[in-house]
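Quick notes on the structure that follows.
4 protein chains.
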Amino acid sequence: MVTDPQTACFEAGIKFGTLYHQFAGTPVSPDSARSLERAMAEAIENQPYCESVSVHILDGALEAELAESAADYTELTGRFMEVEMEIDYEGVRVRTRMEMEDGYPLMKLVSVE
Amino acid sequence: MVTDPQTACFEAGIKFGTLYHQFAGTPVSPDSARSLERAMAEAIENQPYCESVSVHILDGALEAELAESAADYTELTGRFMEVEMEIDYEGVRVRTRMEMEDGYPLMKLVSVE
Amino acid sequence: MVTDPQTACFEAGIKFGTLYHQFAGTPVSPDSARSLERAMAEAIENQPYCESVSVHILDGALEAELAESAADYTELTGRFMEVEMEIDYEGVRVRTRMEMEDGYPLMKLVSVE
Amino acid sequence: MVTDPQTACFEAGIKFGTLYHQFAGTPVSPDSARSLERAMAEAIENQPYCESVSVHILDGALEAELAESAADYTELTGRFMEVEMEIDYEGVRVRTRMEMEDGYPLMKLVSVE
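The structure is reproduced here in structure tokens:
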């Protein structure tokens, strides 16, 4: 009733929801972005079937936000990051990506193999 | 390359990861369990393709924990709740469930139709 | 070395940080705002020395955001809520408030009595 | 009506509530503990009046938990960490500490100077 590729995609979705909602709201600045990227990736890589996670916090977008608001830091949200993830469930490889599209962070399946 | 049922399962996974990691850690007691259940369900139902969410906080498990620790509240975690969710993506209906299995909260696909 | 009023203020700050960072990022819409307000208040009222919490999600601000983005929901953040809290520690009553000031959510002590 | 030492203590409490509820629930293992410690400290140091934050994830406690459950990772919670923080508000120096006491993570003021 449920196939391995479907379960692989379900697992990939869990990781994305986890990454986003665990870390959204974290105080972030260009100075702390590198340590946060690394902690986010390593935290999610702990989860089952998660082969690799890459988090890229967008310094340019952060700096633009801080320049506009004259603040030293802001809260992490989707428009400040790009994420790529690979899930391997029973030999099914799922690639996923989160990036901005029309002003919204969109999580999407890139491939299921 | 990616089918509608696969995307439906990915979307279902996102909702589960969101629900768990947004609300895990919330201070909870039997007195506040009902409002938290409702807020969790209604929050996740806002997300795209999410037909229905049902959250059941397990008063018995909460009370056992509080009795043991002599505290008035604890932090929400997987062993204090059961969750059911239905996702509808392009006509594909996905049913999912989270419950304890071998001492761990397990999120699983129940059916993809 | 540490006075009761100081501890009362420390406890008040803990509750504010908890409320904000537990719930920031929650998917919210005008339809789900009431249940979220209630769950946030009841969750924090579980914590020690917390007499009362009032959370007001600002429907007008939410609706303006949704109209601009053509989305059905957004993520909860400081500009969509006002919060008031009363802490009572050893007879010291602390009143606190969070509201927007110069475009930022500011948590502040209103009175210590 | 509100003194600088009281505000300093309020600010210290905000940072503790933030740190705890932003990061509680993060998937953590001995392998990912170092990056999480650093990200937590640097994230909170972004906040106003926060002079320094030190987070120590307790590998021994983590390993004991994982040995008992035969899992590879667990969720971060108070019993797996010790935190120290210094706040400086208008010349008032507040030292705070979180550590386990009677089975509970207790956040406390160490000194206000």
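Chains as they are written, first to last, in our numbering: chain A, 112 to 224; chain B, 112 to 224; chain C, 112 to 224; chain D, 112 to 224. Just so you know, even glycine gets a beta-carbon here, dropped at the ideal spot from N, CA and C. Source: prediction; values computed, not measured.
Beta-carbon proximity list for Ile155(B), same chain, < 8 Å, skipping 5 on both sides: Position 44 of the second sequence holds residue 155(B). Result list for Ile155(B): Lys126, Thr129, Leu130, Cys161, Val164 and Met196, in chain order.
Taking only beta-carbon positions, decide if Arg193(A) is within less than 8 Å of chain C. Walking along the first sequence from the start, residue 193(A) turns up at place 82. Arg is not the amino acid found at residue 193(A); the sequence shown has Glu there. Taking Cβ atoms only, chain C never reaches closer than 8 Å to Glu193(A), which makes this a no.
Continuous alpha helix (DSSP H) assignments of at least 4 residues falling wholly in the region 169 to 213 of chain D: 170 to 180
For the alpha helix (DSSP H) that Tyr131(D) lies in, which residues bound it at each end? In the fourth sequence, counting from the first residue as 1, residue 131(D) sits at position 20. Where Tyr131(D) is concerned, the enclosing alpha helix (DSSP H) stretches over Asp115 to Phe134.
Thr114(C) versus chain A: which residues are under 7 Å apart at the beta carbon? For the purposes of this step, residue 114(C) is identified with residue 3 of the third sequence, where counting begins at 1. Under the 7 Å cutoff, chain A gives no residues; its nearest Cβ is about 29 Å from Thr114(C).
Could you tell me which of Val221(C), Val166(C) and Arg149(C) sits nearest to Arg190(C), measuring between CA atoms? Within the third sequence, numbered from 1, the residue matching residue 190(C) stands at position 79. The shortest Cα separation from Arg190(C) among Val221(C), Val166(C) and Arg149(C) belongs to Val166(C).
Output needed in chain order: residues of the region 184 to 212 of chain A with a Cβ under 8 Å from some Cβ in chain C. Glu186 and Thr188
Would you mind telling me which residues of chain D sit closer than 7 Å to Ser180(B), beta carbon to beta carbon, in chain order? Position 69 of the second sequence, counted from the start, is the residue given in the question as residue 180(B). In chain order: Gly214.
Contacting residues, own chain, Cβ-Cβ under 6 Å from Leu220(C) (five flanking each side not counted): For the purposes of this step, residue 220(C) is identified with residue 109 of the third sequence, where counting begins at 1. The answer, listed in chain order, is Thr207.
Check whether the region 113 to 123 of chain B touches the region 114 to 125 of chain A, taking contact to mean three or more Cβ pairs, one atom from each stretch, closer than 8 Å. yes
Under 8 Å, Cβ to Cβ, is there at least one residue of chain D near Gly136(B)? Position 25 of the second sequence, counting from 1, holds the residue named residue 136(B). Closer than 8 Å to some Cβ of chain D, the Cβ of Gly136(B) qualifies, so yes.
Can you pull the chain D residues whose beta carbon is under 7 Å from the beta carbon of His132(B), in chain order? What you label residue 132(B) is simply residue 21 of the second sequence in a count that begins at 1. Under the 7 Å cutoff, chain D gives Gly136.
Range of the contiguous beta strand (DSSP E) that encloses Ser222(A): Looking up residue 222(A) in the first sequence gives position 111. From DSSP, the beta strand (DSSP E) with Ser222(A) extends over Tyr215 to Val223.
What's the C-alpha gap between Val203(D) and Met112(C)? Your numbering for residue 203(D) matches position 92 in the fourth sequence. Your numbering for residue 112(C) matches position 1 in the third sequence. Val203(D) and Met112(C): Cα-Cα distance of roughly 13 Å.
Quick one, which of Gly124(C), Ala152(C) and Thr137(C) has its alpha-carbon nearest Thr185(C)'s? Counting from one through the third sequence, the residue named residue 185(C) turns up at place 74. It is Thr137(C).
Between the beta-carbon of Arg149(A) and the beta-carbon of Ser146(D), is there less than 8 Å? The residue labelled residue 149(A) in the question sits at position 38 within the first sequence. The residue labelled residue 146(D) in the question sits at position 35 within the fourth sequence. Yes; because the gap between Cβ atoms is below 8 Å, this pair is in contact.
Outcome for Leu187(A) when other beta-carbon atoms lying within 10 angstroms are tallied against a minimum of 16: Taking the first residue of the first sequence as position 1, residue 187(A) is located at position 76. Under this definition Leu187(A) is a buried residue.
How about Ala152(D): is its C-beta nearer than 8 Å to some C-beta of chain C? The residue you call residue 152(D) lines up with position 41 of the fourth sequence. False, the Cβ-Cβ gap to chain C never drops below 8 Å.
Is there a Cβ from chain C that is less than 8 Å from the Cβ of Val139(B)? Here residue 139(B) refers to the residue found at position 28 of the second sequence. With 8 Å as the cut-off, Val139(B) counts as an interface residue toward chain C.
With a Cβ-Cβ cutoff of 8 Å, do Leu173(D) and Pro141(D) count as a contact? For this step, residue 173(D) is matched to residue 62 along the fourth sequence. For this step, residue 141(D) is matched to residue 30 along the fourth sequence. Cβ distance < 8 Å, so Leu173(D) and Pro141(D) count as in contact.
Alpha carbon to alpha carbon, how far is Gln158(D) from Ser180(B)? Give it in angstroms, no decimals. Indexing the second sequence from 1 puts residue 180(B) at position 69. Indexing the fourth sequence from 1 puts residue 158(D) at position 47. C-alpha separation (whole angstroms): 34 Å.
Apply the 10 Å Cβ neighbour rule to Ala135(B) and answer buried if 16 or more other Cβ atoms are within range, or exposed otherwise. The residue labelled residue 135(B) in the question sits at position 24 within the second sequence. Ala135(B) is buried by the Cβ-count criterion.
In chain A, which residues lie less than 7 Å from Cys161(B) when you measure between Cβ atoms? Within the second sequence, numbered from 1, the residue matching residue 161(B) stands at position 50. The contacting residues do not exist; Cys161(B) stays about 12 Å from chain A at best.
Does any C-beta atom of chain C lie closer than 8 Å to the C-beta of Ile168(B)? Along the second sequence, one-based indexing puts residue 168(B) at 57. With 8 Å as the cut-off, Ile168(B) does not count as an interface residue toward chain C.
Distance between His132(A) and His132(C) (C-alpha atoms, nearest Å): The residue given as residue 132(C) occupies position 21 in the third sequence. The residue given as residue 132(A) occupies position 21 in the first sequence. C-alpha separation (whole angstroms): 11 Å.
First and last residue of the alpha helix (DSSP H) that includes Met151(B)? For the purposes of this step, residue 151(B) is taken as residue 40 along the second sequence, with counting starting at 1. Run containing Met151(B): Pro141 to Glu156, per the alpha helix (DSSP H) assignment.
To which residues of the same chain is Met192(B) closer than 7 Å at the C-beta, ignoring the five residues directly before and after it? Here residue 192(B) refers to the residue found at position 81 of the second sequence. The answer, listed in chain order, is Val166, His167, Ile168 and Leu169.
Is DSSP giving Pro159(A) helix, strand or coil here? Translated into positions along the first sequence, residue 159(A) becomes position 48. Reduced to three states, the DSSP call for Pro159(A) is coil.
Under 8 Å between C-beta atoms, does Glu148(D) make it to chain C? Along the fourth sequence, read from residue 1 onward, the residue named residue 148(D) stands at position 37. Not closer than 8 Å to any Cβ of chain C, the Cβ of Glu148(D) fails to qualify, so no.
To the nearest angstrom, how far is the alpha carbon of Glu201(D) from that of Glu153(C)? Counting from 1 along the fourth sequence, the entry for residue 201(D) is found at position 90. Counting from 1 along the third sequence, the entry for residue 153(C) is found at position 42. Whole-angstrom Cα-Cα distance: 34 Å.
Can you find the residues in the same chain that come closer than 8 Å, C-beta to C-beta, to Asp183(D), ignoring five residues on each side of it along the sequence? Mapped onto the fourth sequence, residue 183(D) falls at position 72. Counting only Cβ-Cβ distances below 8 Å, and skipping sequence neighbours, we find Ser140 and Leu177.
Does any residue of chain D have a CB that is nearer than 8 Å to the CB of Ile155(A)? The residue labelled residue 155(A) in the question sits at position 44 within the first sequence. So yes, Ile155(A) belongs to the interface.
If Val194(C) sits next to Met209(C), beta carbons under 8 Å apart, how far is it from one beta carbon to the other, in whole angstroms? Against the third sequence, residue 194(C) aligns to sequence position 83. Against the third sequence, residue 209(C) aligns to sequence position 98. Confirmed, Cβ separation roughly 4 Å.
Taking buried to mean at least 16 other C-beta atoms within 10 Å of its own C-beta, is Gly124(B) buried or exposed? Taking the first residue of the second sequence as position 1, residue 124(B) is located at position 13. Per the 10 Å Cβ criterion, buried.
In chain A, which residues lie less than 8 Å from Leu143(D) when you measure between Cβ atoms? Position 32 of the fourth sequence, counted from the first residue, corresponds to residue 143(D). Checking the sequence shown, residue 143(D) turns out to be Ser, not Leu. The contacting residues are Ala150, Glu153, Ala154, Glu156 and Asn157.
From this set, Ser222(D), Gly214(D), Met218(D) and Asp213(D), which residue's C-alpha is nearest Asp199(D)'s C-alpha? Here residue 199(D) is taken as the residue at index 88 of the fourth sequence, counted from 1. Closest option to Asp199(D), Cα to Cα, is Ser222(D).
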